[in-house]
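So this is what it looks like as structure tokens:
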């Protein structure tokens, strides 16, 4: 009888713990789902790719362009390249806090990059090439300490290369060719860890680049 007296509360405690974990997982998935649905509602979907696929009737980890982590089932990669999207990039993507890879290249996005993307501290890969994005390269890029690849090629970015870029000690690829970036080429750009791939061609940059290590110019 004593065993049953203690056994029942322990079972109830385990139930509460499991229920709490399940609720946390559900809340996290709901947060990711809300961010993606807000993204869908605010972009122009010329080919109806998202319209016909991103639906609450299906788990978000099965949506087109979405990859989730096996452990927490959070959205870790967003690959929407070349599917005919347009408009401005909504700030709601900043709520995908487990995102490691963000690829919206070869679309028709325009305007500035939202500051909220600076909240994605797990990002390692960014690819925005072949859009119509404009404005300065945002300084919040410098807070993405895990970033390894930054591809901004074939847009209309203006202004100088931000000093915050040199906070990215893990950066291995920086491609910003075919923009309207101006100013002097920062001498510190040759100090990135090797090997480092750099492409700044077809901009309005001036000055000389001192190369250290195994930096490659493409």
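Numbering (mature numbering (1 follows the signal peptide of the UniProt record, and there is no 0)), first residue to last: -22 to -1, 1 to 196. Beta carbons are placed, not taken as given, at the ideal position from N, Cα and C, and that holds for glycine. Predicted model, so just to flag it, every value in this text is computed and none were measured.
What does DSSP give as the partner residues of residue i in its beta bridges?
{"i": "residue 53", "result": "46"}
{"i": "residue 114", "result": "136"}
{"i": "residue 105", "result": "81 and 129"}
{"i": "residue 88", "result": "66 and 110"}
Excluding five sequence neighbours on each side, which residues of the same chain lie with their C-beta closer than 7 Å to the C-beta of residue i?
{"i": "residue 42", "result": "27 and 31"}
{"i": "residue 20", "result": "65 and 68"}
{"i": "residue 17", "result": "68, 70 and 71"}
Exposed or buried, which one is residue i when buried takes at least 16 other CB atoms within 10 Å?
{"i": "residue 34", "result": "exposed"}
{"i": "residue 148", "result": "exposed"}
{"i": "residue 160", "result": "exposed"}
{"i": "residue 166", "result": "exposed"}
{"i": "residue 203", "result": "The question about residue 203 has no answer, for the chain in this structure spans -22 to 196."}
{"i": "residue 107", "result": "buried"}
{"i": "residue 81", "result": "buried"}
{"i": "residue 184", "result": "exposed"}
{"i": "residue 157", "result": "buried"}
{"i": "residue 151", "result": "buried"}
{"i": "residue 133", "result": "buried"}
What residues in its chain sit with their C-beta under 6 Å from that of residue i, if we drop five residues either side in the sequence?
{"i": "residue 153", "result": "129, 131 and 177"}
{"i": "residue -1", "result": "Confidence is the limiting factor: at residue -1 the pLDDT is only 39, short of 50, which leaves the residue's position unreliable, though a coordinate-based value still follows. Contacts found: none."}
{"i": "residue 179", "result": "155"}
{"i": "residue 146", "result": "125"}
{"i": "residue 60", "result": "84"}
Take residue i and list the residues in its own chain whose beta-carbon comes closer than 8 Å to its own, dropping the five residues that flank it on each side.
{"i": "residue 77", "result": "53, 54, 55, 56, 71, 98, 100 and 101"}
Using 8 Å as the Cβ pair cut-off and three pairs as the minimum, do the region 45 to 54 and the region 17 to 30 touch? no
Would you call the region 81 to 95 and the region 54 to 67 in contact, with 3 or more CB pairs under 8 Å? yes
3 or more residues per run - each beta strand (DSSP E) lying fully within the region 58 to 86: 63 to 66 and 79 to 81
May I have a chain-ordered list of the alpha helix (DSSP H) segments no shorter than 4 residues that lie completely inside the region 153 to 180? none
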